[in-house]
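Below you'll find the structure, written out as C-alpha cells, and then a few comments.
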Ligand code: 4AD
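In full-length UniProt numbering, the protein residues as written are 98 to 573.
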C-alpha cells in the first residue's frame, strides 16, 4: 500500500545524466549516467533489488535501494521488462564482481514496457529442455538468451573479420542477384518461382556472376543468401544459408587451396586477437585453438583407400538410388570403391578420426558440377575423369568449403553443357567469359553457418542462423 504512494522523479538538482550504452560505460565511472535496456535477471535481497540489465552491447548490474526499490513497479518487476535507469556508476566493492567491474547505484528509474508475470511470464514460455519445435517457434524469444545471442554476436564479428581479410588481399566485395534464371549446383535443389510469368529461381550460388566480374573488377567476393531445396533434415543443411563466395583470376589450383587456407587462418587470427570475439569463442568453445597451416591435403582417390582401410562403409543403393535393406530392415553396408560419392556420415567419421582440417581434392567429374576444370593430362587409369576441385572438411562439422578451378576453354564448356544435358542458351553471359579474353580462374563457396558451427562448437548449424529455414519451416 505504501509503495503506491511513492512517486519517483528524475531530480533536476542532481548532475545531468550522460546517456550511454553499457559497453561504453568504463570511462563514465563516478558519473551520473542514463541507460536503457531489458531486465535480464532480477532478485530482491532483503529490500535491495538487483537488476542485470541487458542492452545488446553488454550487461550491467543495477542496484535499487531505498525509495527506488519500494515502488509498485519495483515490487512487481518481471524479467524482459524494458526500463530506463539513472544513477551513479560505481566500481564494485573489493571482493565483489559484476560485469564490467562496476555497478549502477540507481536514483531514478522507470518502466518503459512491462513484460507479463504469471502464466504468460517469459520464463514460462520455454526453457533449455523444451521440445526443439517449440524452441523453433519461439526463436524470436530464444535469441534473447545468453548463448543464442553470443553465437549471433560472434557471427557478426566473423563476417566483419572475413571482410577485413578480403580487403587486405585486394579482393572486392560485390552484391549479386538472388533472383536468377540459371542453375549452378544441379536442378534437383532449385526453388522455382513465377517471375512476371517467366520461370526463375532463387540463387543456389553466386559463382557464375562472380566469374563475370573478374575482367571488370579483378578478384571479387560476395556474402549472399543461397537457397537449396534439399530435403535434408541433417544438422548441417539449411534451405537458406549465408554463402560467402570468392573468385580469383590467373591462379593455379594449388594457389586456390593456399588462398582458402590463408583467408580462413587470417580471419581466425583476427578474431582471436580481438578481446571481444576471443571471449565469445572462449565462452562457446572453451579451449579452441586456431588450426595450423598448411592444412592436410588428401586426394579423392586416397580418401577412398583411407575409408576402406578404416572399415568406414556406406549404405548400398540400387540403380535408382534407393537404399538396399536386409531382411531385418537394416541398410546393407558396403565398402567405398572408386567412383562412390563420399557421403556426409563417412566424411564426418573421417574428419573426426583425423581431427584436423582436411582439403579433399580432385573429385571425379561425374560427382561434381558442370563448370569444373578437368585435371590436365591425367592418366585416367581408373576410368575416372578427375577435376581440379576441393572440399575443406572441419572436425565436428565436415564440409565447410567447396571450390574448384573453372573450365576456361569455350569448347570444353560446351562439352560440359552437353554432358549434363543443359540448354546453353540461358548461360550466354557465362559462356561469353570464355569468348572475350578467357583466363584460368577458380573460386569457392564457404557456408557461414557451418564455419560458425565449427568455430563456436555448435551441434547444429540451425543455431548459427538468425531465423533458420529447413524443410517445412519458414516461421518466424
Ligand atoms: O559445395 P557447394 O554446393 O558449392 C557451390 O555452391 C559452389 N558454386 C561455390 C563456389 O565455388 N563459388 O556449396 C559451398 C558451401 C558448402 O561447402 C557448404 O559449406 C555450404 O556451401 N552449403 C550449405 N550450407 C548450409 N546448408 C546447405 N544446404 C548447404 N549447401 C551448401
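Glycine included, each C-beta is placed from N, C-alpha and C at the ideal position.
Open item on the list: Can you tell me whether residue 547 sits near ligand 3, meaning its C-beta is under 7 angstroms from at least one heavy atom of the ligand?
Closed with: For the structure depicted, ligand 3 is absent and the ligand set comprises only ligand 1.
TODO: Note the first and the last residue of the continuous alpha helix (DSSP H) segment covering residue 230.
DONE: As a first step, residue 230 is located in the chain shown; it is residue number 133 there, counting from the start. Looking at the DSSP string, the run of the alpha helix (DSSP H) that includes residue 230 is 229 to 234.
Task: residue 204, enclosing beta strand (DSSP E) - first and last residue - done: Translated into positions along the chain shown, residue 204 becomes position 107. Run containing residue 204: 199 to 210, per the beta strand (DSSP E) assignment.
TODO: Decide yes or no for the touch test of the region 343 to 363 against the region 308 to 318: beta carbon pairs closer than 8 angstroms, at least 3 of them.
DONE: yes
Open item on the list: Let me check one thing: in DSSP terms, what residues is residue 553 bridge-paired to?
Closed with: Working through the chain shown from its first residue, we reach residue 553 at position 456. Note: residue 553 sits in no beta bridge, so no partner.
TODO: Return the residue from the list 192, 533 and 500 that minimises the CA-CA distance to residue 506.
DONE: If you number the chain shown from 1, residue 506 lands on position 409. Answer by Cα proximity: 533.
Task: Identified DSSP bridge partners for residue 393 - done: As a position in the chain shown, residue 393 is number 296, starting the count at 1. According to DSSP, residue 393 bridges with 455.
Open item on the list: For residue 173 and residue 244, I'd like the C-alpha separation in whole angstroms.
Closed with: Taking the first residue of the chain shown as position 1, residue 173 is located at position 76. Taking the first residue of the chain shown as position 1, residue 244 is located at position 147. Cα-Cα distance, rounded: 27 angstroms.
Open item on the list: For ligand 1, I want to know if residue 498 counts as a neighbour, meaning its beta carbon is within less than 7 angstroms of at least one of the ligand's heavy atoms.
Closed with: Mapped onto the chain shown, residue 498 falls at position 401. Yes, since a heavy atom of ligand 1 falls inside the 7 angstroms radius drawn around the Cβ of residue 498.
Open item on the list: For the structure I just gave you, are there three or more beta carbon pairs, one from the region 273 to 293 and one from the region 386 to 403, closer than 8 angstroms?
Closed with: no
- [ ] Say yes only if the C-beta of residue 338 is nearer than 7 angstroms to one or more non-hydrogen atoms of ligand 1, and no if none qualify.
- [x] Here residue 338 corresponds to residue number 241 of the chain shown, with the count starting at 1. Result yes, Cβ under 7 angstroms from ligand 1.
- [ ] Mind checking which residues open and close the beta strand (DSSP E) that includes residue 346?
- [x] Counted from its first residue, the chain shown places residue 346 at position 249. Segment 337 to 346, the beta strand (DSSP E) holding residue 346.
Task: Reduced DSSP secondary structure (H/G/I, E/B, other) of residue 163 - done: One-based indexing of the chain shown puts residue 163 at position 66. Here residue 163 sits in helix by DSSP.
Open item on the list: Less than 6 angstroms between C-beta atoms, sequence neighbours within five positions excluded: which residues of the same chain meet that for residue 303?
Closed with: The count along the chain shown starts at 1 and reaches residue 303 at position 206. If we look at residue 303 and ignore the five residues flanking it on each side, its Cβ neighbours are 273, 319, 321 and 342.
Open item on the list: Nearest by alpha-carbon distance to residue 387: which of 398, 403 and 360 is it?
Closed with: For this step, residue 387 is matched to residue 290 along the chain shown. Measuring from the Cα of residue 387, the nearest candidate turns out to be 360.
- [ ] Take residue 232 and list the residues in its own chain whose beta-carbon comes closer than 8 angstroms to its own, dropping the five residues that flank it on each side.
- [x] As a working mapping, residue 232 is identified with position 135 in the chain shown. If we look at residue 232 and ignore the five residues flanking it on each side, its Cβ neighbours are 223 and 239.
Open item on the list: Using a Cβ-based criterion (distance less than 7 angstroms to any ligand heavy atom), does residue 543 qualify as near ligand 1?
Closed with: Locating residue 543 in the chain shown gives position 446, counting from the first residue. Flag set: Cβ of residue 543 near ligand 1.
Task: Residues near residue 271 in its chain [Cβ-Cβ closer than 6 angstroms; skip 5 each side] - done: Position 174 of the chain shown holds residue 271. 310, 317 and 319.
Task: Residue from 130, 372 and 420 whose Cα sits closest to the Cα of residue 113 - done: Here residue 113 refers to the residue found at position 16 of the chain shown. That would be 130, whose Cα lies nearest to the Cα of residue 113.
Task: Whole-angstrom distance between residue 142 and residue 148, CA atom to CA atom - done: Position 51 of the chain shown, counted from the first residue, corresponds to residue 148. Position 45 of the chain shown, counted from the first residue, corresponds to residue 142. Approximately 11 angstroms, taken between the alpha carbons.
Open item on the list: Are there any heavy atoms of ligand 1 lying less than 7 angstroms away from the beta-carbon of residue 301, as far as the coordinates show?
Closed with: Locating residue 301 in the chain shown gives position 204, where the first residue counts as 1. Answer for residue 301: yes, Cβ within range of ligand 1.
Task: Cβ-Cβ distance between residue 482 and residue 465 below 8 angstroms - done: Here residue 482 refers to the residue found at position 385 of the chain shown. Here residue 465 refers to the residue found at position 368 of the chain shown. Against a cut-off of 8 angstroms, the Cβ pair of residue 465 and residue 482 comes out as no contact.
TODO: Evaluate the contact criterion for the region 150 to 168 versus the region 196 to 206: three or more CB pairs, one atom per stretch, below 8 angstroms.
DONE: yes
Open item on the list: Which residues does DSSP list as the beta-bridge partners of residue 291?
Closed with: Taking the chain shown and counting its residues from 1, one reaches residue 291 at position 194. Looking at the DSSP assignment, residue 291 forms a beta bridge with 296.
TODO: Kindly indicate which three-state DSSP category residue 319 falls into: helix, strand or coil?
DONE: As a working note, residue 319 is residue 222 in the chain shown. In the structure shown, residue 319 sits in a strand (DSSP, three-state: E or B).
- [ ] Using only the heavy atoms of ligand 1, determine whether one of them is closer than 7 angstroms to the beta carbon of residue 334.
- [x] To locate residue 334, count along the chain shown from 1; it is residue 237. Within the cutoff, so yes.
TODO: Can you give me the start and stop residues for the beta strand (DSSP E) that residue 280 sits inside?
DONE: By one-based count along the chain shown, residue 280 stands at place 183. Element bounds for residue 280: n/a, residue is neither H nor E.
Task: Secondary structure of residue 239, DSSP reduced to three states - done: Counting from 1 along the chain shown, the entry for residue 239 is found at position 142. Note: residue 239 maps to helix in three-state DSSP.
Open item on the list: So that I know if they touch, is there some Cβ in chain B lying closer than 8 angstroms to that of residue 372?
Closed with: Judged by its chain identifiers, the structure shown contains no chain B, having just a single protein chain.
Task: Distance CB(residue 135)-CB(residue 179) smaller than 8 angstroms - done: As a working mapping, residue 135 is identified with position 38 in the chain shown. As a working mapping, residue 179 is identified with position 82 in the chain shown. A contact, by the Cβ cut-off of 8 angstroms.
Open item on the list: Please determine whether the Cβ atom of residue 558 lies at a distance below 7 angstroms from any heavy atom of ligand 1.
Closed with: Walking along the chain shown from the start, residue 558 turns up at place 461. Yes, Cβ of residue 558 sits closer than 7 angstroms to a heavy atom of ligand 1.
TODO: Express the C-alpha separation of residue 293 and residue 563 in angstroms, rounding to a whole number.
DONE: Position 466 of the chain shown, counting from 1, holds the residue named residue 563. Position 196 of the chain shown, counting from 1, holds the residue named residue 293. Each residue's alpha carbon lies about 30 angstroms from the other.
Open item on the list: Can you give me the C-alpha to C-alpha distance between residue 380 and residue 431, rounded to a whole angstrom?
Closed with: Taking the chain shown and counting its residues from 1, the one referred to as residue 380 is at position 283. Taking the chain shown and counting its residues from 1, the one referred to as residue 431 is at position 334. So the two alpha carbons sit approximately 41 angstroms from each other.
- [ ] Just confirm the distance between the C-beta atoms of residue 197 and residue 123, as a whole number of angstroms; I'd bet it's less than 8 angstroms.
- [x] In the chain shown, counting from the first residue as 1, residue 197 sits at position 100. In the chain shown, counting from the first residue as 1, residue 123 sits at position 26. Rounded, the Cβ-Cβ distance is 7 angstroms, consistent with contact.
Open item on the list: Beta-carbon within less than 8 angstroms of residue 545's beta-carbon, same chain only, minus the 5 sequence neighbours each way: which residues are those?
Closed with: As a first step, residue 545 is located in the chain shown; it is residue number 448 there, counting from the start. The answer, listed in chain order, is 252, 255, 256, 320, 338, 339, 340, 341 and 561.
Open item on the list: At a cut-off of 7 angstroms, would you count residue 475 as near ligand 1, judging by its Cβ distance to the nearest heavy atom?
Closed with: Residue 475 sits at position 378 when you count from the first residue of the chain shown. Outside the cutoff, so no.
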